[in-house]
Each structure stands twice: as structure tokens, then as C-alpha cells.
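The sequence shown begins at 187 in this note's numbering and counts up by one.
For reference, the structure is listed below as C-alpha cells.
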Amino acid sequence: MKRLIISLTAIGIACALSFGQSSREKWTAPARAAAKKNPVTVNDTSIALGKKIYERQCLACHGAEGRGDGPVAAHLEKRPGNLSSPELWEQSDGALFWKVNEGHRPMPTFKRIMSDEERWPVINYVRTLAPKPAALYQPKRESKP
Ligand code: HEC
187 MKRLIISLTA
197 IGIACALSFG
207 QSSREKWTAP
217 ARAAAKKNPV
227 TVNDTSIALG
237 KKIYERQCLA
247 CHGAEGRGDG
257 PVAAHLEKRP
267 GNLSSPELWE
277 QSDGALFWKV
287 NEGHRPMPTF
297 KRIMSDEERW
307 PVINYVRTLA
317 PKPAALYQPK
327 RESKP
């Protein structure tokens with residue numbers, strides 16, 4: 187009996203550990219969502235609207251420059267994504283839109299909070315926070331190392 191309890195405990199710990207690991211996995215948008223095209227033209231008007239919405243809905247966590255250092259960031263269970271990193275360009279507008287729509291605890295599900303007409307301009311604004319990596323202008327690499 188004692189043995190059984192010990193092995194059950196071991197299984198429990200193993201499960202808890204692997205669960206902890208999977209919840210730390212990178213958050214990725216599904217391919218279909220990532221392929222979605224941004225219907226809102228990138229121009230001064232959409233960027234200015236996006237900025238206004240960003241300041242109201244996103245800045246508290248992501249910070250004025252998108253570095254993930256907003257006033258409430260330190261109190262969250264997880265660090266907000268760094269929206270000012272060139273790595274953000276590895277994701278399509280569709281992928282970012284999906285993430286804003288769905289949210290990921292503690293980030294809220296914005297499709298319940300804002301309309302499409304508000305969420306796409308936010309993506310246009312978020313793009314201005316991250317410098318475009320030069321690599322994206324180079325021809326596609328043959329293969330990854
Ligand atoms: C309550 C805090 C909070 C608010 C408000 C919030 N976010 Fe987030 N955001 C997060 C956290 C935490 C993550 C990291 C989630 C993860 O990786 O699991 C994140 C991740 C992201 C990502 C993914 C970054 C990446 O590297 O893939 C994007 C894009 C994003 N947020 C955009 C926004 C936008 C745009 C808004 C406003 C409309 C917003 N967030 C509002 C906390 C927040």
C-alpha cells in the first residue's frame with residue numbers, strides 16, 4: 187500500500203512538472219489565422235487610431251514603448267510580450283491579430299472587448315513599435331541550420 191502511494195505521488199509530481207512545462211511553451215497562432223490579411227491600410231489615420239486604443243487597452247501591461255514594462259507588468263504572473271523587438275516581425279499581422287483576439291492569460295480576450303475596426307488599427311500601431319529587421323529584406327534563406 188505504502189509503495190502504491192509513493193508511486194502515485196511520483197506520477198502526480200511528474201504530471202505537475204510536465205504541465206508546468208507545457209504552459210511555458212511558446213504561444214503561437216494557428217496557421218490559418220496567421221494567413222489572414224490585414225484589411226486596414228497602414229497610414230497616419232489608422233496608426234493614430236491604433237495608438238489611441240493601445241494607450242487605453244494595452245499600455246498598462248505592455249508599456250508606452252511596447253517593451254513589456256507597463257505600470258502593472260510587475261504584478262502579472264507572466265511578463266507581457268515585448269512588442270518592440272524586431273523578432274515580432276517573424277509573425278504576420280494575422281498572427282498578431284489572432285493573439286489580440288484570443289488573449290492568453292493574463293492577457294485578456296480582446297474580441298469580446300473591441301470590434302475588428304479597432305483591433306486591426308492597433309496592429310498597425312504595434313508595428314511602429316518594433317524596428318523592422320534587415321534580414322526580412324534579404325532573399326529567403328535556403329534552409330535553417
Ligand atoms: C493584463 C495585461 C495585458 C494587456 C492589457 C494586454 N496584454 Fe498583450 N500580453 C500580455 C502577456 C502577459 C503576454 C504574454 C502571453 C504569453 O506569452 O503567454 C502578452 C502577449 C502579447 C502579444 C504576443 C507577443 C509575442 O511575442 O508573440 C501581443 C501581440 C500582444 N500581447 C498585444 C497586445 C495588445 C495589442 C494589447 C491591447 C489591445 C494587449 N496586448 C493588452 C499582457 C497583456
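Note that beta-carbon positions come from the ideal geometry of N, C-alpha and C, so glycine has one too.
DSSP links His290 through a beta bridge to Met293.
Within the chosen limit of 8 Å, ligand 1 reaches the beta carbon of Lys285 through at least one heavy atom. Pro307 sits in a helix when the DSSP states are folded into three classes. Arg291 sits close to Lys264, with the two beta carbons spaced by under 9 Å.
Judged by DSSP secondary structure, His248 falls within the alpha helix (DSSP H) whose first and last residues are 245 to 248. Under the rule that a run must span 4 or more residues, the alpha helix (DSSP H) segments found entirely inside the stretch 216 to 256 read 217 to 220, 230 to 243, 245 to 248. Lys264 has its CB nearer than 8 Å to a heavy atom of ligand 1. It is roughly 7 Å from the alpha-carbon of Leu269 to the alpha-carbon of Leu315. Inter-residue distance for Val228 and Val286 is about 18 Å (C-alpha atoms, whole angstroms). In this structure the stretch 212 to 223 does not touch the stretch 240 to 248; the number of beta carbon pairs closer than 8 Å is below three.
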